[in-house]
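The working numbering applies: residue 55 is where the sequence shown begins, and numbers increase by one. From the three backbone atoms N, C-alpha and C, an ideal C-beta is built for every residue, glycine too. Just so you know, these numbers come straight off a predicted model, no measurement behind them.
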Amino acid sequence: MKCKCLGRYATWVCRAVLAGSLLMAPMVTENFVAASNASTSVTTTDEADAILKEAKAIVAQPETFYTLYVGMPHSDFRTNFSNLPGWKVGYYDNYKESWATTKTARWNYERMHPMGNKFTKQIVYIDQLYNGPVYQVSNTFITTDKVTAAKIYREMYTVLKNRYPMFETAIPYRMTTNHHYTPVLKVSPGVYIQLLFYKSLRPTKGPAEYEVYYMIEGGHAHHVY
Numbered sequence: 055m056k057c058k059c060l061g062r063y064a065t066w067v068c069r070a071v072l073a074g075s076l077l078m079a080p081m082v083t084e085n086f087v088a089a090s091n092a093s094t095s096v097t098t099t100d101e102a103d104a105i106l107k108e109a110k111a112i113v114a115q116p117e118t119f120y121t122l123y124v125g126m127p128h129s130d131f132r133t134n135f136s137n138l139p140g141w142k143v144g145y146y147d148n149y150k151e152s153w154a155t156t157k158t159a160r161w162n163y164e165r166m167h168p169m170g171n172k173f174t175k176q177i178v179y180i181d182q183l184y185n186g187p188v189y190q191v192s193n194t195f196i197t198t199d200k201v202t203a204a205k206i207y208r209e210m211y212t213v214l215k216n217r218y219p220m221f222e223t224a225i226p227y228r229m230t231t232n233h234h235y236t237p238v239l240k241v242s243p244g245v246y247i248q249l250l251f252y253k254s255l256r257p258t259k260g261p262a263e264y265e266v267y268y269m270i271e272g273g274h275a276h277h278v279y
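Here's what the structure looks like:
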């Protein structure tokens, strides 16, 4: 499956399906903003609006974002996530750790959204069995602007609570202060979602940072845990 960027803040449209490999995959038409295309003339307001649109796009379709979903084959993941402009890419073999009992790997994609003298960082993590299917994906927005973080959280929360009737009960709307508080909602067999808003514990010499974290997890279904 190949996707093509149609422009700044445009849509990554899945053009074709590999024969037989994605017959069970969710329908995917996702926003994937290329930060390298950002114009220096864009105002802070425009950037803030674009970030909110991006946040809503991430939760716009059930159990998938940026074409990612639990069970996505390694070959399809690598085809969709290669040569992405504006994103810093990292890779790590988790199975090399002494505590690892299953061979897994993690990819991370990171970029910055400018907002005047402030910033919003976006990090996407993809966890997979080593050269195997994806079992967990997550997106985190990190910003020094608490108001922006709260708006991102509200936009994403509103979409999810309107889609899943039990969402508010399972994951109440609030800013999390207890980092051991990790509620999830089961949305299909073996698949769980989570949305959290909290003040970052990351050490920093500058102003405090705030994070909005969204996850789709299916590790139990793939016998990772």
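Sheet register partners of residue i (DSSP bridge)
| i | result |
| --- | --- |
| L16 | Absent from the structure is residue 16, since the part of the chain shown begins at 55 and ends at 279. |
| E271 | Q190 and Y246 |
| R160 | Y146 and D181 |
| P237 | According to DSSP, P237 bridges with nothing at all. |
| P139 | Partner(s): none; P139 has no beta bridge. |
Cβ distance (whole Å) where residue i is taken to contact residue j below 8 Å
| i | j | result |
| --- | --- | --- |
| L321 | Y267 | Because the chain in this structure spans residues 55 to 279, residue 321 falls outside the shown range and cannot be described. |
| G272 | Y145 | Not a contact, Cβ separation roughly 21 Å. |
| A275 | V124 | 7 Å |
| H277 | P187 | Not quite, the Cβ-Cβ distance comes to about 11 Å (not below 8 Å), so this is no contact. |
| Y174 | T212 | Looking at the sequence shown, residue 174 is not Tyr but Thr. So it is not a contact: roughly 19 Å between Cβ atoms. |
| I112 | M269 | About 11 Å; that fails the 8 Å criterion. |
| E101 | H167 | 6 Å |
| T121 | N134 | 5 Å |
| R160 | N148 | 6 Å |
Where the alpha helix (DSSP H) containing residue i begins and where it ends
| i | result |
| --- | --- |
| N134 | H128 to N134 |
| E209 | K200 to R217 |
| F119 | Premise fails: F119 is in no alpha helix (DSSP H) and is neither H nor E. |
| E222 | F221 to A224 |
CB contact check: residue i to chain C, cutoff 7 Å
| i | result |
| --- | --- |
| T118 | Here there is only one protein chain, and chain C is not present. |
Original post:
Are the stretch 250-259 and the stretch 99-108 touching by the rule of at least three beta carbon pairs closer than 8 Å?
Top reply: When Cβ pairs closer than 8 Å are counted between the two stretches, the stretch 250-259 is seen not to touch the stretch 99-108, the count staying below three.
Original post:
Quick one: any contact between the stretch 191-207 and the stretch 169-178, if contact means 3 or more CB pairs under 8 Å?
Top reply: yes
Subject >> Inter-stretch contact (C-beta, 8 Å, three-pair minimum) for the stretch 128-139 and the stretch 233-242 >> reply: Judged by Cβ distances under 8 Å, the stretch 128-139 makes no contact with the stretch 233-242, as fewer than three pairs qualify.
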